[in-house]
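S.K.: Chains as they are written, first to last, in the numbering used here: chain A, 2 to 137; chain B, 2 to 137; chain C, 2 to 137; chain D, 2 to 137; chain E, 2 to 137; chain F, 2 to 137.
Number of protein chains: 6
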Amino acid sequence: MIYVTRKESFCAAHRLFIEDLSLEENFNIFGKCSNFNWHGHNYVLYVTVKGDVDSKTGFLINLKNLSVLIKTTIVNELDHSNLNLDVPFLKNIIPTSENLTIAIWDRLCPLILNLGIRLHSIKIIETENNIVEYFG
Amino acid sequence: MIYVTRKESFCAAHRLFIEDLSLEENFNIFGKCSNFNWHGHNYVLYVTVKGDVDSKTGFLINLKNLSVLIKTTIVNELDHSNLNLDVPFLKNIIPTSENLTIAIWDRLCPLILNLGIRLHSIKIIETENNIVEYFG
Amino acid sequence: MIYVTRKESFCAAHRLFIEDLSLEENFNIFGKCSNFNWHGHNYVLYVTVKGDVDSKTGFLINLKNLSVLIKTTIVNELDHSNLNLDVPFLKNIIPTSENLTIAIWDRLCPLILNLGIRLHSIKIIETENNIVEYFG
Amino acid sequence: MIYVTRKESFCAAHRLFIEDLSLEENFNIFGKCSNFNWHGHNYVLYVTVKGDVDSKTGFLINLKNLSVLIKTTIVNELDHSNLNLDVPFLKNIIPTSENLTIAIWDRLCPLILNLGIRLHSIKIIETENNIVEYFG
Amino acid sequence: MIYVTRKESFCAAHRLFIEDLSLEENFNIFGKCSNFNWHGHNYVLYVTVKGDVDSKTGFLINLKNLSVLIKTTIVNELDHSNLNLDVPFLKNIIPTSENLTIAIWDRLCPLILNLGIRLHSIKIIETENNIVEYFG
Amino acid sequence: MIYVTRKESFCAAHRLFIEDLSLEENFNIFGKCSNFNWHGHNYVLYVTVKGDVDSKTGFLINLKNLSVLIKTTIVNELDHSNLNLDVPFLKNIIPTSENLTIAIWDRLCPLILNLGIRLHSIKIIETENNIVEYFG
Numbered sequence: 002m003i004y005v006t007r008k009e010s011f012c013a014a015h016r017l018f019i020e021d022l023s024l025e026e027n028f029n030i031f032g033k034c035s036n037f038n039w040h041g042h043n044y045v046l047y048v049t050v051k052g053d054v055d056s057k058t059g060f061l062i063n064l065k066n067l068s069v070l071i072k073t074t075i076v077n078e079l080d081h082s083n084l085n086l087d088v089p090f091l092k093n094i095i096p097t098s099e100n101l102t103i104a105i106w107d108r109l110c111p112l113i114l115n116l117g118i119r120l121h122s123i124k125i126i127e128t129e130n131n132i133v134e135y136f137g
Numbered sequence: 002m003i004y005v006t007r008k009e010s011f012c013a014a015h016r017l018f019i020e021d022l023s024l025e026e027n028f029n030i031f032g033k034c035s036n037f038n039w040h041g042h043n044y045v046l047y048v049t050v051k052g053d054v055d056s057k058t059g060f061l062i063n064l065k066n067l068s069v070l071i072k073t074t075i076v077n078e079l080d081h082s083n084l085n086l087d088v089p090f091l092k093n094i095i096p097t098s099e100n101l102t103i104a105i106w107d108r109l110c111p112l113i114l115n116l117g118i119r120l121h122s123i124k125i126i127e128t129e130n131n132i133v134e135y136f137g
Numbered sequence: 002m003i004y005v006t007r008k009e010s011f012c013a014a015h016r017l018f019i020e021d022l023s024l025e026e027n028f029n030i031f032g033k034c035s036n037f038n039w040h041g042h043n044y045v046l047y048v049t050v051k052g053d054v055d056s057k058t059g060f061l062i063n064l065k066n067l068s069v070l071i072k073t074t075i076v077n078e079l080d081h082s083n084l085n086l087d088v089p090f091l092k093n094i095i096p097t098s099e100n101l102t103i104a105i106w107d108r109l110c111p112l113i114l115n116l117g118i119r120l121h122s123i124k125i126i127e128t129e130n131n132i133v134e135y136f137g
Numbered sequence: 002m003i004y005v006t007r008k009e010s011f012c013a014a015h016r017l018f019i020e021d022l023s024l025e026e027n028f029n030i031f032g033k034c035s036n037f038n039w040h041g042h043n044y045v046l047y048v049t050v051k052g053d054v055d056s057k058t059g060f061l062i063n064l065k066n067l068s069v070l071i072k073t074t075i076v077n078e079l080d081h082s083n084l085n086l087d088v089p090f091l092k093n094i095i096p097t098s099e100n101l102t103i104a105i106w107d108r109l110c111p112l113i114l115n116l117g118i119r120l121h122s123i124k125i126i127e128t129e130n131n132i133v134e135y136f137g
Numbered sequence: 002m003i004y005v006t007r008k009e010s011f012c013a014a015h016r017l018f019i020e021d022l023s024l025e026e027n028f029n030i031f032g033k034c035s036n037f038n039w040h041g042h043n044y045v046l047y048v049t050v051k052g053d054v055d056s057k058t059g060f061l062i063n064l065k066n067l068s069v070l071i072k073t074t075i076v077n078e079l080d081h082s083n084l085n086l087d088v089p090f091l092k093n094i095i096p097t098s099e100n101l102t103i104a105i106w107d108r109l110c111p112l113i114l115n116l117g118i119r120l121h122s123i124k125i126i127e128t129e130n131n132i133v134e135y136f137g
Numbered sequence: 002m003i004y005v006t007r008k009e010s011f012c013a014a015h016r017l018f019i020e021d022l023s024l025e026e027n028f029n030i031f032g033k034c035s036n037f038n039w040h041g042h043n044y045v046l047y048v049t050v051k052g053d054v055d056s057k058t059g060f061l062i063n064l065k066n067l068s069v070l071i072k073t074t075i076v077n078e079l080d081h082s083n084l085n086l087d088v089p090f091l092k093n094i095i096p097t098s099e100n101l102t103i104a105i106w107d108r109l110c111p112l113i114l115n116l117g118i119r120l121h122s123i124k125i126i127e128t129e130n131n132i133v134e135y136f137g
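#1: For V69 (chain C), which residues does DSSP report across the bridge?
#2: Can you tell me where the beta strand (DSSP E) holding L120 (chain F) begins and where it ends?
#3: Taking 8 Å as the cut-off, decide whether the C-beta atoms of F31 (chain D) and L17 (chain D) are in contact.
#4: For Y44 (chain B), which of B:N100, B:Y4, B:S98, B:F11 has the nearest alpha-carbon?
#5: Can you tell me the Cα-Cα spacing of C1 (chain C) and V76 (chain C), whole angstroms?
#6: Decide if V142 (chain E) is buried, meaning its Cβ has at least 16 other Cβ atoms within 10 Å, or exposed.
#7: Secondary structure at V54 (chain C), three-state DSSP: helix, strand or coil?
#8: Within its chain, find whatever has a CB closer than 7 Å to the CB of I103 (chain F); leave out the 5 residues flanking it on each side and keep chain order.
#9: Just tell me which of F:G41, F:S35, F:D21 has its CA closest to the CA of L84 (chain C).
#10: When DSSP labels each residue in this structure, what does F18 (chain F) get in the three-state scheme?
#11: When you check each C-beta in the stretch 95–112 of chain B against every C-beta of chain A, which residues fall closer than 8 Å?
#12: Under a CB-based cut-off of 8 Å, is N38 (chain C) close to chain F?
#13: Are the C-beta atoms of G52 (chain F) and some chain C residue less than 8 Å apart?
#14: Go to N131 (chain C), then tell me how far its beta strand (DSSP E) extends in each direction, as first and last residue.
#15: Quick test of your reading: R7 (chain A) and G52 (chain A), contact by CB under 8 Å. State the CB separation rounded to the nearest angstrom.
#16: Around the C-beta of D21 (chain D), are 16 or more other C-beta atoms found within 10 angstroms, so that it is buried, or is it exposed?
#17: Just checking: is the beta-carbon of Y4 (chain D) within a distance shorter than 8 Å of some beta-carbon in chain C?
#18: Select from the stretch 82–96 of chain F all residues with a C-beta closer than 7 Å to any C-beta belonging to chain C, and list them in chain order.
#19: Below 8 Å on the Cβ atoms is my guess for I62 (chain E) versus L116 (chain E); work out the distance and round it to an integer in Å.
#20: Among all the DSSP beta bridges, which residues are the ones paired with S82 (chain D)?
#21: Please return the same chain residues whose Cβ sits closer than 6 Å to the Cβ of A14 (chain E), not counting the five positions on each side in sequence.
#22: Where V54 (chain A) and S122 (chain A) are concerned, what is the direct C-alpha to C-alpha distance, given to the nearest angstrom?
#23: I think E99 (chain C) touches F90 (chain C), with their Cβ atoms under 8 Å apart; what is that distance to the nearest whole Å?
#24: Taking the alpha helix (DSSP H) that T102 (chain D) falls in, what are its first and last residues?
#25: Give the DSSP-derived three-state secondary structure of V76 (chain F) in the structure shown.
#26: Using the beta-carbon of each residue, which ones in chain E are nearer than 7 Å to R7 (chain F)?
#27: Check the Cβ-Cβ distances between G32 (chain B) and every residue of chain E, and say whether any is below 8 Å.
#28: Answer yes or no: do I3 (chain B) and V133 (chain F) have a C-beta to C-beta separation smaller than 8 Å?
#29: So that I know if they touch, is there some Cβ in chain F lying closer than 8 Å to that of G41 (chain C)?
#30: Pick out whichever of E:R108, E:T97, E:W106, E:C34 has its Cα sitting closest to the Cα of V5 (chain F).
#31: On the DSSP bridge assignment, give the partners of L46 (chain D) in chain order.
#32: Under 8 Å, Cβ to Cβ, is there at least one residue of chain D near K65 (chain A)?
#33: How would you list, in chain order, the residues of chain F whose beta-carbon sits under 7 Å from the beta-carbon of F60 (chain B)?
#34: Using a 10 Å radius around the Cβ and a threshold of 16 neighbouring Cβ atoms, would you call F60 (chain A) buried or exposed?
#35: Pop quiz: E9 (chain F) and I71 (chain F) are said to be a contact at Cβ under 8 Å. What is the actual Cβ separation, rounded to whole angstroms?
#36: Quick check: is any heavy atom of the ligand GTP less than 7 Å from the C-beta of Y44 (chain B)?
Structural data, given as structure tokens:
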């Protein structure tokens with residue numbers, strides 16, 4: 002079994018807050034990530050898939066096809082968006098990196114199965130210091 | 002003369018648009034950077050100062066002091082902010098990286114002169130592909 | 002289960018040698034890493050923790066809290082130190098990256114359990130070419 | 002058990018194509034990677050080995066020795082080569098990154114066992130966006 | 002005056018050799034860069050332009066437009082090519098990074114003047130250790 | 002005129018202090034950089050040279066030769082050393098990055114002139130946040 006990873010990226014705004022809580026309570030939980038007028042990041046996304054190498058082509062999968070799939074279903078919806086307001090598949094989700102990786106996994110997993118391979122992990126680098134990875 | 006650079010960073014939301022123009026006109030100029038609900042970046046800021054090395058200490062300047070100056074006057078105001086709404090020294094400025102470097106230069110230049118050295122350049126990396134530098 | 006990684010860094014001096022051996026014997030084992038007057042590195046430390054996402058906050062853990070824990074118990078003791086001479090929790094340990102990862106694991110593991118989550122791995126990048134990871 | 006990784010690199014030309022197929026059929030499978038006159042990459046290679054820390058030296062293995070092994074058996078054959086034409090151990094293999102990781106694994110695995118430790122993974126970064134890893 | 006840099010990249014094969022010289026003479030000058038069957042690199046290209054900020058838009062230039070210009074006139078011709086054989090604007094040029102930066106400068110300079118701004122420098126990173134920059 | 006840069010690196014220990022001052026006075030000037038038992042860094046060194054491209058070879062200079070010169074005269078003396086104690090050409094110099102760049106410039110400048118080209122700058126990255134450059 003071979004593991005192949007494609008890196009993509011998107012720039013987005015977000016804000017971490019729980020609607021039922023006051024500004025002060027949100028600040029106690031989320032700190033400046035709950036600032037009222039949003040902030041943002043250059044997110045880096047690593048999608049790792051796995052399976053057997055095709056003995057004819059030497060590919061697990063043509064990475065161009067994987068890249069197109071990730072761009073059309075994930076990156077085009079997230080890039081230059083507001084993660085709290087603009088993204089249907091993130092609706093009612095607090096856009097922490099944890100929740101982002103899970104939502105992206107749930108969205109990509111069946112589509113990658115359709116390609117005849119399996120999704121192994123979704124990794125998001127929110128800043129160079131903060132990284133989240135999800136294996137389903 | 003020696004050149005010393007300090008790297009700092011901040012995460013912020015912004016949107017590029019001209020108030021007098023329609024959404025469509027703004028999109029023609031700024032593309033998805035004018036999306037209505039903001040987006041954001043991990044900005045990297047390089048501040049380069051210059052002057053003579055102090056023969057006693059071997060320093061141009063203690064970089065800790067320079068870092069504190071940049072943090073208190075620039076980073077603390079920009080980090081986890083909305084560059085269009087939250088930052089007094091960016092008021093009425095379209096927050097392009099070009100305008101950001103100039104605004105940061107104007108703010109830091111006299112303060113760095115007070116330290117007995119000179120500001121050489123302000124560089125901002127908005128994404129790994131887009132970089133702006135200003136030398137006054 | 003979600004995996005969250007925090008990156009920290011520290012600058013330190015060290016020397017690799019076995020006290021009972023001669024300079025020449027040490028050089029045969031450790032090469033220039035056994036040079037008498039120390040050398041040093043910018044160490045990069047990755048701490049990965051794992052557990053379930055809190056459905057209320059969308060966090061595994063507030064990374065600020067994890068960062069404070071790593072800084073107060075690890076980084077503040079190692080940064081700008083001599084790993085052979087200055088660090089109580091490294092006493093009598095040859096400060097290879099292998100031993101460093103294990104010592105940091107042993108120190109952090111119970112403290113991270115106290116936060117209600119689990120330590121997954123400690124990774125140290127000594128130079129861009131040499132990396133060590135420990136999973137307990 | 003500890004995991005130690007050594008990073009090496011090599012620059013090489015290659016071309017992805019299946020001899021029995023026409024130029025057009027190859028282009029449909031491999032895109033511009035099948036261009037007739039070759040192209041090339043700066044490949045980054047990560048070799049991860051695992052085992053127990055030697056209680057006397059604090060090393061899993063002297064990384065200098067591992068580096069020499071990788072250089073003499075892998076890097077010296079691949080660096081500044083044409084992966085399709087010049088490398089005996091890649092003969093009759095389409096030099097995709099998938100096949101490269103497997104061929105390097107097969108070549109290194111017994112040699113690393115001879116050192117008393119075990120090979121854990123071979124990772125190749127072909128471009129910053131395309132990464133392949135193999136665990137045997 | 003403001004300086005704006007766009008980063009692009011391309012993967013290509015090349016070989017350094019002088020036609021009139023023997024293999025041995027070429028090897029004495031170019032080392033393994035003259036290997037007969039080509040080798041290749043992931044080239045990183047930085048194009049820096051300069052001029053005045055447009056007071057209406059806050060842009061020196063829309064970087065998307067600059068990127069399209071670089072891609073259509075430079076990257077599309079170089080990416081996945083053989084620099085010795087495939088590129089009309091490199092004909093009869095030994096494809097060292099020095100010659101590459103000059104050839105790209107000569108090709109881009111008038112086109113960038115047409116945009117109402119000026120080309121400042123062309124920088125090529127052939128490997129992380131070898132960098133060439135040209136200012137006209 | 003073309004500018005060519007070679008990147009090298011070295012790992013070293015150092016300590017910043019003025020012999021005539023007390024520990025406390027040194028701490029007030031240098032902070033933890035004056036800690037008694039040394040600390041260290043992975044230093045990155047960029048040497049930029051300039052001149053005309055050789056029309057026959059397309060090189061400013063064979064970078065292999067430049068690398069050998071830098072390694073034999075600079076890196077081999079600094080790597081795995083104590084900058085305060087071990088390096089003859091740093092004797093009686095407080096090993097700040099400012100003083101390091103100047104000492105390396107003074108040492109390399111005449112040797113590079115002997116190669117028929119000119120030294121343009123010496124840049125040292127002490128940590129990713131602290132960078133010093135000297136142009137003579």
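Note that the Cβ used here is the ideal one computed from N, Cα and C, for glycine as well.
M.R.: In short:
#1: The count along the third sequence starts at 1 and reaches residue 69 (chain C) at position 68. For V69 (chain C), which the question treats as bridged, DSSP gives no partner whatsoever.
#2: To locate residue 120 (chain F), count along the sixth sequence from 1; it is residue 119. L120 (chain F) -> beta strand (DSSP E) spans 119–128.
#3: As a position in the fourth sequence, residue 31 (chain D) is number 30, starting the count at 1. As a position in the fourth sequence, residue 17 (chain D) is number 16, starting the count at 1. In contact: F31 (chain D) and L17 (chain D) (Cβ atoms closer than 8 Å).
#4: Here residue 44 (chain B) refers to the residue found at position 43 of the second sequence. Nearest C-alpha to Y44 (chain B): B:F11.
#5: The requested residue 1 (chain C) does not occur in the structure, where chain C is confined to residues 2 to 137.
#6: Here chain E comprises residues numbered 2 to 137, so residue 142 (chain E) is not present and cannot be evaluated.
#7: Indexing the third sequence from 1 puts residue 54 (chain C) at position 53. Residue state, collapsed to three classes: coil.
#8: To locate residue 103 (chain F), count along the sixth sequence from 1; it is residue 102. Excluding sequence neighbours, I103 (chain F) sits near Y135.
#9: Along the third sequence, one-based indexing puts residue 84 (chain C) at 83. Distances from the CA of L84 (chain C) to each of F:G41, F:S35, F:D21 were compared; the closest alpha carbon is that of F:G41.
#10: Position 17 of the sixth sequence, counted from the start, is the residue given in the question as residue 18 (chain F). It is coil, neither helix nor strand.
#11: none
#12: Taking the first residue of the third sequence as 1, we reach residue 38 (chain C) at position 37. Closer than 8 Å to some Cβ of chain F, the Cβ of N38 (chain C) qualifies, so yes.
#13: As a working note, residue 52 (chain F) is residue 51 in the sixth sequence. Not an interface residue.
#14: Sequence index remark: in the third sequence, residue 131 (chain C) carries index 130 (1-based). Unbroken beta strand (DSSP E) run through N131 (chain C): 131–135.
#15: Within the first sequence, residue 7 (chain A) is the residue found at index 6, counting from 1. Within the first sequence, residue 52 (chain A) is the residue found at index 51, counting from 1. Not really, about 14 Å apart at Cβ, beyond 8 Å.
#16: Against the fourth sequence, residue 21 (chain D) aligns to sequence position 20. Flag for D21 (chain D) reads exposed.
#17: Along the fourth sequence, one-based indexing puts residue 4 (chain D) at 3. Yes, its Cβ sits closer than 8 Å to a Cβ of chain C.
#18: Correct list: S82, N83, L86, D87.
#19: Residue 62 (chain E) sits at position 61 when you count from the first residue of the fifth sequence. Residue 116 (chain E) sits at position 115 when you count from the first residue of the fifth sequence. Indeed, because the Cβ distance is near 6 Å, the residues count as touching under 8 Å.
#20: Position 81 of the fourth sequence, counted from the first residue, corresponds to residue 82 (chain D). Looking at the DSSP output, S82 (chain D) bridges to D:A13.
#21: Working through the fifth sequence from its first residue, we reach residue 14 (chain E) at position 13. So the qualifying residues of the chain are W39, G41, N83.
#22: The count along the first sequence starts at 1 and reaches residue 54 (chain A) at position 53. The count along the first sequence starts at 1 and reaches residue 122 (chain A) at position 121. V54 (chain A) and S122 (chain A): Cα-Cα distance of roughly 18 Å.
#23: Position 98 of the third sequence, counted from the start, is the residue given in the question as residue 99 (chain C). Position 89 of the third sequence, counted from the start, is the residue given in the question as residue 90 (chain C). 16 Å between Cβ atoms; not a contact.
#24: As a working note, residue 102 (chain D) is residue 101 in the fourth sequence. It spans 98–114 - the alpha helix (DSSP H) in which T102 (chain D) sits, taken as one unbroken run.
#25: Reading the sixth sequence from its first residue, position 75 is the one you call residue 76 (chain F). In the structure shown, V76 (chain F) sits in a helix (DSSP, three-state: H, G or I).
#26: Start at 1 with the first residue of the sixth sequence, and residue 7 (chain F) comes out as number 6. What R7 (chain F) touches in chain E: N130, N131.
#27: As a working mapping, residue 32 (chain B) is identified with position 31 in the second sequence. Chain E contact via Cβ: present.
#28: By one-based count along the second sequence, residue 3 (chain B) stands at place 2. By one-based count along the sixth sequence, residue 133 (chain F) stands at place 132. Their beta carbons are under 8 Å apart, which means I3 (chain B) touches V133 (chain F) by this criterion.
#29: To locate residue 41 (chain C), count along the third sequence from 1; it is residue 40. Closer than 8 Å: yes.
#30: Position 4 of the sixth sequence, counted from the first residue, corresponds to residue 5 (chain F). Of the listed residues, the one whose Cα sits closest to V5 (chain F) is E:T97.
#31: One-based indexing of the fourth sequence puts residue 46 (chain D) at position 45. Partner(s): D:E9, D:I125.
#32: What you label residue 65 (chain A) is simply residue 64 of the first sequence in a count that begins at 1. The C-beta of K65 (chain A) comes closer than 8 Å to at least one C-beta of chain D.
#33: Mapped onto the second sequence, residue 60 (chain B) falls at position 59. By Cβ distance, chain F contributes T97, E99.
#34: Locating residue 60 (chain A) in the first sequence gives position 59, counting from the first residue. That one is buried.
#35: The residue labelled residue 9 (chain F) in the question sits at position 8 within the sixth sequence. The residue labelled residue 71 (chain F) in the question sits at position 70 within the sixth sequence. Yes, they are in contact, since the Cβ atoms of E9 (chain F) and I71 (chain F) sit about 5 Å apart, within 8 Å.
#36: This structure simply doesn't include the ligand GTP, nor any ligand for that matter.
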